[in-house]
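K.L.:
Right, I'll just put the structure down here and ask away after.
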Ligand SMILES: [Zn+2]
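Numbering (our numbering), first residue to last: 188 to 395.
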């Protein structure tokens, strides 16, 4: 596989999504985390549906401080992946939107369909947490790269300024006709006179 193809795969949206969701799942799973769904009907629905609802809920919801730290921490971590891969805030943001959209969408759809009373009772309560998680991802994908970019540009412009200063320092002026050179030649290109060798002293150089 050529380097181009390799990079194309890494940057592909599906690949980024799979990597993000896998890492997210691994972290949450490795902490043995379970979001408590308090519905008396949870045990009535089929086992598959219960498992899907529970797994999706574990990915996106929390109800105490430990859960909050784990959920926010792992989401913030994985939301940096597209930021680093794309180095382009809008692409990173759209990748993170997709990442947060799918598990939430299916969680709410399943709960709405199979745990209607729980949905009615808790929807806004849960949805506020979804919104806050969304806000945090927006900060990671848009605000942090914005400030990083500004910092980098500032640093670059300082470096360019330094280079210009060095170039200015090396400028040389012919003592006879006043022509300026970017470095000291043996003969003046303008008046063709031999330039004094020892004259690379400060007073002949142009002050900046
Ligand atoms: Zn000259």
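C-beta atoms are modelled at their ideal positions from N, C-alpha and C, and glycine is treated no differently.
In angstroms with no decimal places, state the Cα-to-Cα distance between residue 231 and residue 237.
P.N.:
Here residue 231 corresponds to residue number 44 of the chain shown, with the count starting at 1. Here residue 237 corresponds to residue number 50 of the chain shown, with the count starting at 1. Those two C-alpha atoms are separated by around 9 angstroms.
K.L.:
Step through the CB atoms of chain C and report whether any lies within less than 8 angstroms of the CB of residue 310.
P.N.:
Absent from the structure: chain C. Only one protein chain is present.
K.L.:
Go ahead and pull the three-state DSSP assignment for residue 371.
P.N.:
Along the chain shown, one-based indexing puts residue 371 at 184. DSSP places residue 371 in coil when its eight states are reduced to three.
K.L.:
Nearest to residue 321 by alpha carbon, out of 225, 256, 286, 243?
P.N.:
As a first step, residue 321 is located in the chain shown; it is residue number 134 there, counting from the start. Of the listed residues, the one whose Cα sits closest to residue 321 is 286.
K.L.:
Exposed or buried, residue 207, counting other C-beta atoms within 10 Å across all chains shown (16 or more means buried)?
P.N.:
Here residue 207 refers to the residue found at position 20 when the chain shown is read from its first residue. Under this definition residue 207 is a buried residue.
K.L.:
In chain order, what are the residues with a CB under 6 angstroms from some non-hydrogen atom of ligand 1?
P.N.:
Listed by chain position, these are 361, 363, 364, 366, 375, 377, 378, 380.
K.L.:
Consult DSSP for residue 358 and reduce its assignment to one of helix, strand or coil.
P.N.:
Residue mapping note: residue 358 aligns to position 171 of the chain shown, counting from 1. In the structure shown, residue 358 sits in coil (DSSP, three-state: anything other than H, G, I, E or B).
K.L.:
To which residues of the same chain is residue 243 closer than 6 angstroms at the C-beta, ignoring the five residues directly before and after it?
P.N.:
Taking the chain shown and counting its residues from 1, the one referred to as residue 243 is at position 56. Cβ neighbours of residue 243 beyond the five flanking positions: 290, 293, 294.
K.L.:
Taking the alpha-carbon positions, what's the residue 323 to residue 227 distance?
P.N.:
Within the chain shown, numbered from 1, the residue matching residue 323 stands at position 136. Within the chain shown, numbered from 1, the residue matching residue 227 stands at position 40. Approximately 32 angstroms, taken between the alpha carbons.
K.L.:
Starting from residue 277 and walking both ways along the alpha helix (DSSP H), at which residues does that stretch end?
P.N.:
Indexing the chain shown from 1 puts residue 277 at position 90. 276–301 is the extent of the alpha helix (DSSP H) around residue 277.
K.L.:
Tell me the rounded alpha-carbon separation between residue 211 and residue 352.
P.N.:
By 1-based counting over the chain shown, the position of residue 211 is 24. By 1-based counting over the chain shown, the position of residue 352 is 165. So the two alpha carbons sit approximately 49 angstroms from each other.
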